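Quick note: the sequence shown uses full-length UniProt numbering, first residue 1, plus one each step.
Note that CB positions come from ideal geometry on N, CA and C, so glycine has one too.
In this text, all values refer to a predicted model and were calculated from it rather than measured experimentally.
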Amino acid sequence: MTRFLIPFLLLLSSATQAFDHSAWNTLLANHVKPLRGGVATAVNYSGMEKDRQTLRNYLDALTDVTQADFQQWPRDEQLAFLINAYNAFTVELILLEGQPNSIRDIGSVFSGPWDKEFFSLLGNPRTLDEVEHEMIRANPALMDPRIHFAVNCASIGCPALRPEAYTADKLDAQLEDSTRKFLSDKQRNRYNSERKALEISKIFDWYEEDFEDAAGSLAAYLLPYAEELGVPQNKRKQMKDDDMTIRHLDYDWALNKQ
1 MTRFLIPFLL
11 LLSSATQAFD
21 HSAWNTLLAN
31 HVKPLRGGVA
41 TAVNYSGMEK
51 DRQTLRNYLD
61 ALTDVTQADF
71 QQWPRDEQLA
81 FLINAYNAFT
91 VELILLEGQP
101 NSIRDIGSVF
111 SGPWDKEFFS
121 LLGNPRTLDE
131 VEHEMIRANP
141 ALMDPRIHFA
151 VNCASIGCPA
161 LRPEAYTADK
171 LDAQLEDSTR
181 KFLSDKQRNR
191 YNSERKALEI
201 SKIFDWYEED
211 FEDAAGSLAA
221 YLLPYAEELG
231 VPQNKRKQMK
241 DDDMTIRHLD
251 YDWALNKQ
């Protein structure tokens with residue numbers, strides 16, 4: 001019995017073994033600088049370029065994962081893998097394009113950076129849009145509105161590129177921390193007492209349905225983060241009643257570089 005059980009346990013262990021994101025973690029630790037107390041970050045793309053081989057080795061490891069392997073992983077392992085893949089391939093795209101002033105400078109009127117098929121993942125050629133919108137957002141088992149504060153579009157207006165890799169064992173805490181830090185950034189999200197309005201990132205306009213699906217309304221989703229947003233105590237009932245004026249701020253598409 002034992003001689004059959006041991007190979008089975010080894011097979012099970014290998015199928016569910018966590019993907020090694022340590023190389024990406026090191027790149028982020030070395031080349032991502034926290035700004036304004038950590039609510040934002042800037043990327044040293046020139047430093048990433050110097051460590052390009054390490055980045056490419058990590059991207060190759062991501063590419064080598066098969067759909068069958070991926071399906072064996074627990075939910076948090078899958079989601080951490082896809083978030084890291086999106087962020088790492090975005091950095092690679094910026095380097096491939098010679099560090100443009102904005103990611104939106106990549107491509108043409110008919111095909112932007114997010115439509116560019118420049119990598120493979122889980123056995124198929126992919127675009128960044130596919131990873132975010134089809135593999136994560138369109139998958140009910142993986143979708144979590146907080147991914148909007150984790151995937152990074154290489155822009156100043158985007159939530160910070162976290163200076164560490166996402167991992168399954170810490171995923172919930174990392175997503176929550178990234179959310180709170182983004183909402184604490186008064187340059188991108190704040191309560192304006194003069195206008196008596198909540199001024200928030202354009203992200204909440206583009207993906208409003210994701211937050212509504214999670215909490216019933218955008219205001220209801222944001223209510224637990226009223227402290228981070230700077231909403232006065234006497235105004236929070238308006239949020240609860242979905243009776244607060246919400247304005248969306250302009251989005252800064254400049255490259256998030258050091």
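Residue i, buried or exposed, once every other Cβ within 10 Å from all chains shown has been counted against 16
| i | result |
| --- | --- |
| glutamine 258 | exposed |
| asparagine 234 | exposed |
| threonine 179 | buried |
| leucine 12 | Note that leucine 12 scores 45 on pLDDT, short of 50, meaning its location in the model is unreliable; the coordinates nonetheless yield the value given after this. That one is exposed. |
| tyrosine 221 | buried |
| serine 46 | exposed |
| valine 109 | exposed |
| glutamine 78 | buried |
| tryptophan 24 | buried |
| glutamate 209 | exposed |
| proline 159 | buried |
| proline 140 | exposed |
| alanine 40 | buried |
Straight-line gap, residue i to residue j (C-alpha atoms, nearest Å)
| i | j | result |
| --- | --- | --- |
| proline 7 | isoleucine 83 | Confidence at proline 7 is low in this model, with a pLDDT of 44, below 50, so the placement of that residue should be treated as unreliable; the coordinate-derived value is given next. If I take the Cα positions, the gap works out to 32 Å. |
| aspartate 185 | isoleucine 156 | 12 Å |
| asparagine 256 | glutamate 199 | 22 Å |
| arginine 126 | glutamate 117 | 5 Å |
| leucine 229 | methionine 244 | 13 Å |
| methionine 135 | tryptophan 73 | 15 Å |
| alanine 168 | phenylalanine 70 | 13 Å |
| leucine 28 | lysine 240 | 38 Å |
| leucine 96 | glutamate 49 | 10 Å |
| aspartate 76 | glutamate 176 | 14 Å |
| serine 201 | arginine 188 | 5 Å |
| glycine 107 | proline 232 | 44 Å |
| proline 163 | aspartate 172 | 16 Å |
| phenylalanine 19 | serine 120 | 17 Å |
| glutamine 99 | alanine 165 | 22 Å |
| cysteine 153 | tryptophan 206 | 14 Å |
| arginine 236 | serine 193 | 13 Å |
| serine 14 | lysine 170 | Legend: pLDDT at serine 14 = 42, less than 50; position of this residue unreliable, value from coordinates given subsequently. Distance between the alpha carbons of serine 14 and lysine 170 is about 21 Å. |
| leucine 35 | arginine 137 | 29 Å |
| histidine 133 | aspartate 115 | 12 Å |
| phenylalanine 211 | phenylalanine 204 | 8 Å |
| arginine 104 | leucine 128 | 13 Å |
| valine 32 | glycine 38 | 11 Å |
| serine 111 | glutamate 227 | 40 Å |
| residue 262 | leucine 142 | Absent from the structure is residue 262, since the part of the chain shown begins at 1 and ends at 258. |
| glutamine 174 | valine 151 | 12 Å |
| valine 43 | isoleucine 147 | 20 Å |
For residue i, the residue or residues it bridges with in DSSP
| i | result |
| --- | --- |
| histidine 248 | Ile200 |
| tyrosine 191 | Leu198 |
| threonine 41 | Pro34 |
| tryptophan 119 | Strictly speaking, residue 119 in this sequence is phenylalanine, with tryptophan absent from that position. DSSP, once it has assigned bridges, lists Arg126 as partnering phenylalanine 119. |
| lysine 257 | Val43 |
| proline 111 | Reading off the sequence shown, one finds serine at residue 111, where the question assumed proline. DSSP lists no partner for serine 111. |
| serine 102 | Ala254 |
Selected residue, minimal CA-CA separation from residue i, among the options
| i | options | result |
| --- | --- | --- |
| serine 225 | Cys153, Leu122, Tyr191, Lys196 | Residue identity differs from the one stated: residue 225 is tyrosine in this sequence, not serine. Here the closest residue by C-alpha is Tyr191. |
| aspartate 51 | Asn30, Thr41, Thr66 | Asn30 |
| tyrosine 251 | Ala138, Arg236, Ser102, Met239 | Ser102 |
| alanine 68 | Asp242, Phe211, Ala168, Asn124 | Asn124 |
| aspartate 242 | Ala197, Asp177, Ser201, Glu49 | Ala197 |
| residue 265 | Leu128, Ile106, Glu97, Asn87 | Residue 265 cannot be examined here, being either before or after the span of the chain that is shown, 1 to 258. |
| glutamate 130 | Met48, Ala40, Phe89 | Phe89 |
| leucine 161 | Phe182, Leu223, Arg137 | Phe182 |
| arginine 247 | Asn44, Arg195, Leu223 | Arg195 |
| residue 265 | Val43, Thr66, Glu92 | No answer is possible for residue 265: it lies beyond the span of the chain, which begins at 1 and ends at 258. |
| threonine 66 | Leu223, Asp76, Phe81, Gly216 | Phe81 |
| glutamine 238 | Ala219, Leu142, Gln174, Glu227 | Ala219 |
| alanine 214 | Gly112, Val43, Pro145 | Pro145 |
| serine 22 | Arg137, Ser111, Asn44, Leu59 | Leu59 |
| threonine 63 | Leu55, Val43, Thr41, Leu122 | Leu122 |
| asparagine 57 | Asp105, Ala85, Gly37 | Ala85 |
| leucine 55 | Gly38, Ile94, Gln174 | Ile94 |
| tryptophan 253 | Ala61, Leu223, Pro113 | Pro113 |
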